[in-house]
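Q: One structure follows; several queries about it will come next.
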Amino acid sequence: MIKKTFMFLSLVSLPISTQAQTHSHGEGRLVLSQEGNQWLVQFVLPASDIYGFEHAPETPEQELMITKRNKRLEQNDQVIHLGDQCKLNKVEFLSSHDEGEDEHHEHEHEIEHQDIEISYHFTCNSPVERASIQLFDWAKSLNHLEVLWLFENGQGASEISSQKPFITW
Ligand SMILES: [Zn+2]
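First residue of the sequence shown: 2, per the working numbering; consecutive thereafter.
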């Protein structure tokens, strides 16, 4: 019963970036959760690896970069592929460049680091045996992802790197 409750919570996009974790450029985190045919895929990525910077955009080029990269993130086939049996239902940005926050921290630029958190909700009508990551193809400074999976039949942890951009179960 405890496990079930945890699984349910994990499928509603808990803000995993609030967990005490170090922020290292080139390193991201990936959490995959499954309950029935529902899959939730959550990434936490250093903004520097996605946009090339972590401060508020200061030039039109930087604003354009954020727009272009967010469009890529919204397309799961640019980020992760679980299999053709999976259909994307929803993409959520749980944190991103927040203008209100930027104004608030205007005088604190030197301490800023920023993570991007993004969640993909899939329905998969047959078992998923493999996840491949396309993110490394265009987020060139990203080296690896620490991976955690929480499935109905078990859980585990591993690592995915740009040299081996997939995981199987
Ligand atoms: Zn940083």
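Beta carbons are placed, not taken as given, at the ideal position from N, Cα and C, and that holds for glycine.
Because the structure is a prediction, the values reported are computed rather than measured.
Looking at the unbroken alpha helix (DSSP H) that takes in TRP150, where does it start and where does it end?
A: Position 149 of the sequence shown, counting from 1, holds the residue named residue 150. Run containing TRP150: none in the alpha helix (DSSP H); it sits in the beta strand (DSSP E), 145-152.
Q: How many Å lie between PRO166 and GLN43 at the Cα?
A: By 1-based counting over the sequence shown, the position of residue 166 is 165. By 1-based counting over the sequence shown, the position of residue 43 is 42. Each residue's Cα considered, the two are about 16 Å apart.
Q: Can you round the beta-carbon distance between ASN144 and GLY27 to whole angstroms, since I take them to be within the 8 Å contact cut?
A: By 1-based counting over the sequence shown, the position of residue 144 is 143. By 1-based counting over the sequence shown, the position of residue 27 is 26. Right, the Cβ-Cβ distance comes to about 4 Å (below 8 Å), so this counts as a contact.
Q: Going by DSSP, name the residue or residues bridged to LYS88.
A: Locating residue 88 in the sequence shown gives position 87, where the first residue counts as 1. THR124.
Q: What's the gap between the Cα of ALA57 and the Cα of GLU118?
A: Stepping through the sequence shown from its first residue, residue 57 is reached at position 56. Stepping through the sequence shown from its first residue, residue 118 is reached at position 117. In a straight line, the C-alpha of ALA57 is about 16 Å away from that of GLU118.
Q: Please state whether DSSP places PHE54 in a helix, a strand or coil.
A: Numbered from its first residue, the sequence shown carries residue 54 at position 53. If DSSP states are grouped into helix, strand and coil, PHE54 belongs with coil.
Q: If you compare alpha carbons, which of GLY84, VAL92 and HIS114 is closest to ALA132?
A: Here residue 132 is taken as the residue at index 131 of the sequence shown, counted from 1. Minimum Cα distance to ALA132 is reached at GLY84.
Q: Going by alpha carbons, who is nearest to SER142 out of SER34, LEU46, VAL148 and ASN71?
A: Taking the first residue of the sequence shown as 1, we reach residue 142 at position 141. If we check each option's Cα against that of SER142, LEU46 comes out closest.
Q: Would a C-beta distance cut-off of 8 Å place SER25 and LEU151 closer than the cut-off?
A: Locating residue 25 in the sequence shown gives position 24, where the first residue counts as 1. Locating residue 151 in the sequence shown gives position 150, where the first residue counts as 1. When the beta-carbon positions are compared, SER25 and LEU151 stay at least 8 Å from each other.
Q: Can you tell me the Cα-Cα spacing of GLN39 and GLU153, whole angstroms?
A: Taking the sequence shown and counting its residues from 1, one reaches residue 39 at position 38. Taking the sequence shown and counting its residues from 1, one reaches residue 153 at position 152. Rounded to the nearest angstrom, the two C-alpha atoms are 11 Å apart.
Q: For LEU83, report the span of its alpha helix (DSSP H) as first-last.
A: Locating residue 83 in the sequence shown gives position 82, counting from the first residue. It is not in any alpha helix (DSSP H) - LEU83 carries neither H nor E in the DSSP assignment.
Q: Determine the extent of the beta strand (DSSP E) in which TRP40 is found, giving its start and end residues.
A: Here residue 40 refers to the residue found at position 39 of the sequence shown. For TRP40, the enclosing beta strand (DSSP E) starts and ends at 39-47.
Q: Specify, as a first and last residue, the run of the alpha helix (DSSP H) that GLN63 falls within.
A: Walking along the sequence shown from the start, residue 63 turns up at place 62. Per DSSP, GLN63 belongs to the alpha helix (DSSP H) from 61-75.
Q: According to DSSP, is GLN164 helix, strand or coil?
A: By 1-based counting over the sequence shown, the position of residue 164 is 163. In the structure shown, GLN164 sits in coil (DSSP, three-state: anything other than H, G, I, E or B).
Q: With ASP78 as the anchor, note down where its alpha helix (DSSP H) starts and where it stops.
A: Residue 78 sits at position 77 when you count from the first residue of the sequence shown. Segment: none, ASP78 is in no alpha helix (DSSP H) and carries neither H nor E.
Q: Let me make sure I understand the geometry here. Which of ILE134, ILE67 and ALA158 has the alpha-carbon closest to that of HIS82?
A: Start at 1 with the first residue of the sequence shown, and residue 82 comes out as number 81. Closest option to HIS82, Cα to Cα, is ILE134.
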